[in-house]
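Protein chains in written order, with my numbering: chain A, 1 to 26; chain B, 1001 to 1174.
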């Protein structure tokens, strides 16, 4: 569901993961 | 170093099926500053870069696991579509780059998606993604997630394979 998708994409460890991806891109 | 980050992301997805589903069904949330899917202060170009990397990683992960996971096999067409649309996105604008990116940002941003100086790799994977998505559209009746699509929706998808955005736009050159 859209709500479940939003919840999954706002977990703190998800933010840490994508920050790492963005850092390695640059 | 980017490849290591992509591997870590794939390992992370392996342990979080809800997140995998979210990235397949709702990847647009990564572009929406109101969604909190990415840090709110990130600019549009960085959001696109991370979306592109995630779409590519999700596709590769699903393709690797599909032979033994029927659910992943069913998700593959959607992941192929997201990967193609994400990787080809900056090349769809007549003005040279997406309107909400900074001036002259096209070259700089497209060189960074798969690590520094990776512009050629972006183009290679965008073309690969176009072929993969075209193959799914060509056999759409064989895929449950596509079989019930309306004809005009499929026509839009076919147009997006070949043309840039907007009326009377030119070909999508990758």
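Note that the Cβ used here is the ideal one computed from N, Cα and C, for glycine as well.
### Query
Does DSSP classify residue 1090 of chain B as helix, strand or coil?
As a position in the second chain, residue 1090 of chain B is number 90, starting the count at 1. Residue 1090 of chain B falls in the helix class under three-state DSSP.
### Query
Whose Cβ in chain B lies nearer than 7 Å to the Cβ of residue 12 of chain A?
Taking the first chain and counting its residues from 1, one reaches residue 12 of chain A at position 12. By Cβ distance, chain B contributes nothing, its closest Cβ being about 11 Å from residue 12 of chain A, past 7 Å.
### Query
Quick one: which chain A residues come within Cβ less than 7 Å of residue 1115 of chain B?
Here residue 1115 of chain B corresponds to residue number 115 of the second chain, with the count starting at 1. Within 7 Å Cβ-Cβ: 24, 25.
### Query
If you count every other CB in all the chains shown that lies within 10 Å of the CB of residue 1077 of chain B, and 16 or more means buried, which is it?
Along the second chain, one-based indexing puts residue 1077 of chain B at 77. Buried, since its Cβ has 16 or more Cβ neighbours within 10 Å.
### Task
Spatial neighbours of residue 1044 of chain B within its chain, please: CB distance less than 8 Å, with the 5 preceding and 5 following residues excluded, ordered by chain position.
What you label residue 1044 of chain B is simply residue 44 of the second chain in a count that begins at 1. The answer, listed in chain order, is 1031, 1098, 1100, 1101.
### Task
Find out if the Cβ-Cβ distance for the pair residue 1080 of chain B, residue 1048 of chain B is shorter than 8 Å.
Sequence index remark: in the second chain, residue 1080 of chain B carries index 80 (1-based). Sequence index remark: in the second chain, residue 1048 of chain B carries index 48 (1-based). In this structure, residue 1048 of chain B does not lie closer than 8 Å to residue 1080 of chain B by Cβ.
### Query
Within the 8 Å Cβ cut-off, does residue 1119 of chain B reach chain A?
Reading the second chain from its first residue, position 119 is the one you call residue 1119 of chain B. Interface with chain A (8 Å Cβ-Cβ cutoff): residue 1119 of chain B is excluded.
### Task
Report the rounded CA-to-CA distance for residue 1 of chain A versus residue 1118 of chain B, giving the unit in angstroms.
Taking the first residue of the first chain as 1, we reach residue 1 of chain A at position 1. Taking the first residue of the second chain as 1, we reach residue 1118 of chain B at position 118. The straight-line gap from Cα to Cα measures roughly 35 Å.
### Query
Smallest Cα separation from residue 1038 of chain B: which of A:19, A:3, A:4, A:24?
Looking up residue 1038 of chain B in the second chain gives position 38. Out of A:19, A:3, A:4, A:24, A:19 has the C-alpha closest to the C-alpha of residue 1038 of chain B.
### Query
Roughly how many whole angstroms lie between the Cα atoms of residue 1166 of chain B and residue 1027 of chain B?
Counted from its first residue, the second chain places residue 1166 of chain B at position 166. Counted from its first residue, the second chain places residue 1027 of chain B at position 27. Cα-Cα distance, rounded: 22 Å.
### Message
Can you confirm whether residue 3 of chain A, when its beta carbon is compared against all beta carbons of chain B, has any partner nearer than 8 Å?
### Response
Along the first chain, one-based indexing puts residue 3 of chain A at 3. Not an interface residue.
### Message
Whole angstroms are fine: how far does the CA of residue 1022 of chain B sit from the CA of residue 1172 of chain B?
### Response
Here residue 1172 of chain B corresponds to residue number 172 of the second chain, with the count starting at 1. Here residue 1022 of chain B corresponds to residue number 22 of the second chain, with the count starting at 1. C-alpha separation (whole angstroms): 28 Å.
### Message
Does residue 1139 of chain B pass the burial test, meaning 16 or more other C-beta atoms within 10 Å, or should it be called exposed?
### Response
In the second chain, the residue the question calls residue 1139 of chain B occupies position 139. By the neighbour-count definition (other C-beta atoms within 10 Å, threshold 16), residue 1139 of chain B is an exposed residue.
### Message
Between residue 1019 of chain B and chain A, is any beta-carbon pair separated by less than 8 Å?
### Response
For the purposes of this step, residue 1019 of chain B is taken as the residue at position 19 of the second chain. Taking Cβ atoms only, chain A reaches closer than 8 Å to residue 1019 of chain B, which makes this a yes.
### Message
Please list, in chain order, the chain A residues whose beta carbon lies closer than 9 Å to that of residue 1046 of chain B.
### Response
Translated into the one-based positions of the second chain, residue 1046 of chain B becomes position 46. The contacting residues are 22, 25, 26.
### Query
If residue 1113 of chain B sits next to residue 1055 of chain B, beta carbons under 8 Å apart, how far is it from one beta carbon to the other, in whole angstroms?
To locate residue 1113 of chain B, count along the second chain from 1; it is residue 113. To locate residue 1055 of chain B, count along the second chain from 1; it is residue 55. That belief does not hold up - the Cβ atoms of residue 1113 of chain B and residue 1055 of chain B are roughly 10 Å apart, past 8 Å.
### Task
Tell me whether residue 1070 of chain B is buried or exposed, calling it buried when 16 or more other Cβ atoms sit within 10 Å of its Cβ.
Here residue 1070 of chain B refers to the residue found at position 70 of the second chain. So residue 1070 of chain B counts as exposed.
### Task
Look at the alpha carbon of residue 12 of chain A and the alpha carbon of residue 1083 of chain B, and state the distance between them as a whole number of angstroms.
By 1-based counting over the first chain, the position of residue 12 of chain A is 12. By 1-based counting over the second chain, the position of residue 1083 of chain B is 83. If I take the Cα positions, the gap works out to 25 Å.
### Message
Within the continuous alpha helix (DSSP H) that includes residue 1136 of chain B, where are the two ends?
### Response
On the second chain, residue 1136 of chain B is found 136 positions in, with the first residue counted as 1. In this chain, the alpha helix (DSSP H) harbouring residue 1136 of chain B covers 1119 to 1138.
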